[in-house]
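**Q** Following my numbering, the numbering of the sequence shown begins with 307 at its first residue and continues without gaps. Glycine included, C-beta positions come from ideal geometry on N, C-alpha and C.
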Amino acid sequence: MGCLLTDDRCLMIARFQPFHYGHLNALKFCYERFGEVVVVVGMASQSHTPENPFTAGERVLMIRESLKWSGLPLDKLITVTLPTLEVSRVAVHYVKLYSPPFKHVVTLNPVIQRVFMEEGYTVVEPPRLARENYRGSIIRRLIAEGRSEWEQLVPPPVVDIIKSVDGVERIKMLYREKLPGYYATV
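1. Just how far apart, CA to CA, sit proline 416 and alanine 350?
2. Does the stretch 375-383 come close enough to the stretch 395-406 that 3 or more CB-CB pairs lie under 8 Å?
3. Is the beta carbon of serine 372 sitting closer than 8 Å to the one on proline 433?
4. Candidates Asp472, Met479, Glu483, Pro461: which alpha carbon is nearest phenylalanine 322's?
5. How many Å lie between threonine 428 and lysine 409 at the Cα?
6. Can you check DSSP and say which residues form a bridge with valine 411?
7. What three-state label does DSSP hand glutamate 342 in the structure shown?
8. What residues in its chain sit with their C-beta under 8 Å from that of isoleucine 477, if we drop five residues either side in the sequence?
9. What is the C-beta distance between leucine 317 and valine 411, in whole angstroms, given that I count them as a contact (C-beta under 8 Å)?
10. Taking 8 Å as the cut-off, decide whether the C-beta atoms of leucine 388 and glycine 348 are in contact.
11. Taking C-alpha atoms, which residue in Met423, Asp466, Trp456, Leu383 lies nearest to phenylalanine 340?
12. Leucine 373 lies in the alpha helix (DSSP H); which residues open and close that run?
13. So, leucine 292 versus glycine 328, is the Cβ gap smaller than 8 Å?
Next comes the structure, spelled out in structure tokens:
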């Protein structure tokens, strides 16, 4: 088996705080179009804040267990964790250091789109899946408010992982405490 060509590998970057059905939909889109998918877990060095309540390891587990649950093969997946960086053209350099070569970037984030396009990458937008619901900020707010609707917005393995790490109480505490230097997203 030879080395996979760069043209057949895409990169998807997100924080996955938490991994939800919008992310899963985007990964299914990637799996249909590319031989390999590099999933970059951004802001990996941050956890236990209102915007980034879960650790990089917890997020990687959410991704892997959700892919297995959905029947997507893990042999097409390369997971990379990326330390906290400001989003800029310089950050693209760091992504390249942490990732195998790729040519395509799959994202809906306009800033990520711009910085990768400026560096010569092909940007591909996955289909939008009810972005008004499938957003980490909305899911975290529902959890903080003690509303169970969040469980319908993430795959069942994510519900199990969040509950197993006491993530519900973690998020409630983070939103309640309003720690200096951190703020809860709307």
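**A** Let me lay it out:
1. As a working note, residue 416 is residue 110 in the sequence shown. As a working note, residue 350 is residue 44 in the sequence shown. C-alpha separation (whole angstroms): 21 Å.
2. no
3. The residue you call residue 372 lines up with position 66 of the sequence shown. The residue you call residue 433 lines up with position 127 of the sequence shown. The answer is no: Cβ separation not under 8 Å.
4. For this step, residue 322 is matched to residue 16 along the sequence shown. Checked all of Asp472, Met479, Glu483, Pro461; the closest Cα to phenylalanine 322 is Pro461.
5. In the sequence shown, the residue the question calls residue 428 occupies position 122. In the sequence shown, the residue the question calls residue 409 occupies position 103. In a straight line, the C-alpha of threonine 428 is about 6 Å away from that of lysine 409.
6. For the purposes of this step, residue 411 is taken as the residue at position 105 of the sequence shown. Leu317, Val429, per the DSSP bridge assignment.
7. Stepping through the sequence shown from its first residue, residue 342 is reached at position 36. Here glutamate 342 sits in strand by DSSP.
8. For the purposes of this step, residue 477 is identified with residue 171 of the sequence shown, where counting begins at 1. Excluding sequence neighbours, isoleucine 477 sits near Pro356, Pro359, Arg446, Ile449, Ala450.
9. The sequence position of residue 317 within the sequence shown is 11, counting from 1. The sequence position of residue 411 within the sequence shown is 105, counting from 1. Their Cβ separation, rounded to whole angstroms, is 5 Å, which keeps leucine 317 and valine 411 in contact under 8 Å.
10. To locate residue 388, count along the sequence shown from 1; it is residue 82. To locate residue 348, count along the sequence shown from 1; it is residue 42. Yes. Within cutoff.
11. Position 34 of the sequence shown, counted from the first residue, corresponds to residue 340. The option with the nearest alpha carbon to phenylalanine 340 is Leu383.
12. As a position in the sequence shown, residue 373 is number 67, starting the count at 1. Element bounds for leucine 373: 362-376.
13. Here the chain has residues from 307 to 492 only, and residue 292 is not among them.
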